[in-house]
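Single-structure report; data block below.
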Amino acid sequence: MSEQQLNIERFRILVIGNANAGKTTILEKVCHARGRQPVCLDVNGNKINLALQPSSSRGEHNIEHQFQYPTAHGFIFHDSRGFEAGGADELKKVKEFVQSRAEKKELKDQLHAIWYCLTTSNDRAMTEAEMSLFKSGTGNVPVIAIFTKMDALDGEARSQLVWEKVPFRDINKQVPIRAEAIFEKKYLQRFQEPEVKHKPRYIVQLRDMNKEGTDCDDLITRTSQALNGATLKLFCLSILLNDVESRIKDAITNIIIPRAQAALESPTFSEEQAKSLFCEVMCCFPHMLVRICS
Numbered sequence: 112m113s114e115q116q117l118n119i120e121r122f123r124i125l126v127i128g129n130a131n132a133g134k135t136t137i138l139e140k141v142c143h144a145r146g147r148q149p150v151c152l153d154v155n156g157n158k159i160n161l162a163l164q165p166s167s168s169r170g171e172h173n174i175e176h177q178f179q180y181p182t183a184h185g186f187i188f189h190d191s192r193g194f195e196a197g198g199a200d201e202l203k204k205v206k207e208f209v210q211s212r213a214e215k216k217e218l219k220d221q222l223h224a225i226w227y228c229l230t231t232s233n234d235r236a237m238t239e240a241e242m243s244l245f246k247s248g249t250g251n252v253p254v255i256a257i258f259t260k261m262d263a264l265d266g267e268a269r270s271q272l273v274w275e276k277v278p279f280r281d282i283n284k285q286v287p288i289r290a291e292a293i294f295e296k297k298y299l300q301r302f303q304e305p306e307v308k309h310k311p312r313y314i315v316q317l318r319d320m321n322k323e324g325t326d327c328d329d330l331i332t333r334t335s336q337a338l339n340g341a342t343l344k345l346f347c348l349s350i351l352l353n354d355v356e357s358r359i360k361d362a363i364t365n366i367i368i369p370r371a372q373a374a375l376e377s378p379t380f381s382e383e384q385a386k387s388l389f390c391e392v393m394c395c396f397p398h399m400l401v402r403i404c405s
């Protein structure tokens with residue numbers, strides 16, 4: 112992938128979070144990676160082979176590096192570790208990166224959204240370092256706070272209910288209610304503190320992300336709601352672009368193969384049947400159909 116290829120309009124997201132915050136899982140779900148690894152590019156669009164990087168720096172995050180999944184060409188991701196580990200230095204890097212991207216003239220080069228991943232799978236609430244971004248702000252770039260591993264709160268809620276000697280027949284029904292109360296007290300209330308001047312645009316809760324069939328649809332919805340104007344249009348086009356592969360598979364599996372089998376069993380395949388097949392297939396790609404008809 113060359114620098115010239117990167118000139119195509121793409122939606123750019125900064126993903127922040129510690130190593131155990133579930134960032135990789137989220138990106139794999141959003142990008143429908145299915146085990147395929149992302150390509151890492153430097154600021155000039157040159158491919159970086161991370162396996163060849165010195166072991167001392169392999170785990171370090173260069174926020175300028177661009178990650179793209181082969182299944183999601185509509186998105187460019189930048190990675191930053193959380194502020195607990197990096198402290199003030201990491202926050203400084205993020206703020207400088209946000210500012211430098213805000214100064215870019217081209218929409219494709221700007222930063223469009225920040226996904227801040229925070230895990231609920233430990234015994235403590237958010238630290239002051241983790242809250243620092245919401246105190247200092249990110250200019251006009253919307254921040255979506257993503258709380259991962261929400262299922263961990265179910266275990267904490269269940270333990271509390273057992274300790275309180277709640278009858279076992281009632282525990283399962285009360286677990287979701289208690290888990291939500293724990294989340295409100297330990298996490299959401301932090302955003303109401305007076306020094307938090309820049310609240311996240313939206314808060315997304317993710318659970319059971321290690322299981323098959325789970326998705327990040329709510330994250331995509333909330334991100335789109337946080338945008339406006341040209342940035343929203345770019346985001347929607349990126350989603351459509353990333354959806355092409357799955358639409359092609361659906362068209363082949365559900366339309367082309369069955370119709371081809373029916374045609375083989377029929378003595379004739381008329382022009383009307385061909386037109387009907389074309390229309391059915393193109394209905395799977397509405398964004399392409401609009402271009403053809405316009």
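Numbering-wise, our numbering puts 388 at position 277 of the sequence shown, and it's gapless, one number per residue.
C-beta atoms are modelled at their ideal positions from N, C-alpha and C, and glycine is treated no differently.
Rounded Cβ spacing between residue i and residue j (contact assumed at less than 8 Å)
| i | j | result |
| --- | --- | --- |
| G185 | I350 | 7 Å |
| L229 | A256 | 6 Å |
| V286 | A268 | 5 Å |
| F245 | V307 | 5 Å |
| I225 | L125 | 5 Å |
| C327 | K140 | 5 Å |
Simplified DSSP assignment, three categories, for residue i
| i | result |
| --- | --- |
| R123 | strand |
| Q116 | Residue placement at Q116 cannot be trusted, given a pLDDT of 42 that sits under 50; what the coordinates show is reported in the next sentence. If DSSP states are grouped into helix, strand and coil, Q116 belongs with the helices. |
| L330 | helix |
| Q179 | strand |
| R169 | Note that R169 scores a pLDDT of 39, beneath 50, so its modelled location is shaky; the value from the coordinates is reported in the next line. It is coil, neither helix nor strand. |
| R402 | With a pLDDT of only 40 at R402, under 50, the local geometry of the prediction cannot be trusted, and no value is derived from it. |
| N131 | coil |
| L388 | helix |
| A373 | helix |
| C347 | helix |
C-beta atoms of residue i and residue j nearer than 8 Å
| i | j | result |
| --- | --- | --- |
| L202 | R212 | no |
| G266 | V209 | no |
| Y227 | V252 | no |
| L138 | F188 | yes |
| M237 | R301 | yes |
| S259 | A132 | Ser is not the amino acid found at residue 259; the sequence shown has Thr there. Against a cut-off of 8 Å, the Cβ pair of A132 and T259 comes out as a contact. |
| K56 | S247 | The structure shown does not extend to residue 56, since the chain is modelled only from 112 to 405, so the question has no answer here. |
| L317 | M261 | yes |
Top-ranked residue by Cα proximity to residue i, from the options
| i | options | result |
| --- | --- | --- |
| Q179 | R123, A132, E217 and V205 | R123 |
| D319 | S377, I293, S232 and L388 | S232 |
| I174 | K158, I159 and R192 | R192 |
| D220 | F279, G324 and E120 | E120 |
Which residues DSSP lists as bridging residue i, in chain order
| i | result |
| --- | --- |
| T230 | T259 |
| F188 | I124 and F178 |
| Q316 | F258 |
Closer than 8 Å to chain C by CB, residue i
| i | result |
| --- | --- |
| P181 | Absent from the structure: chain C. Only one protein chain is present. |
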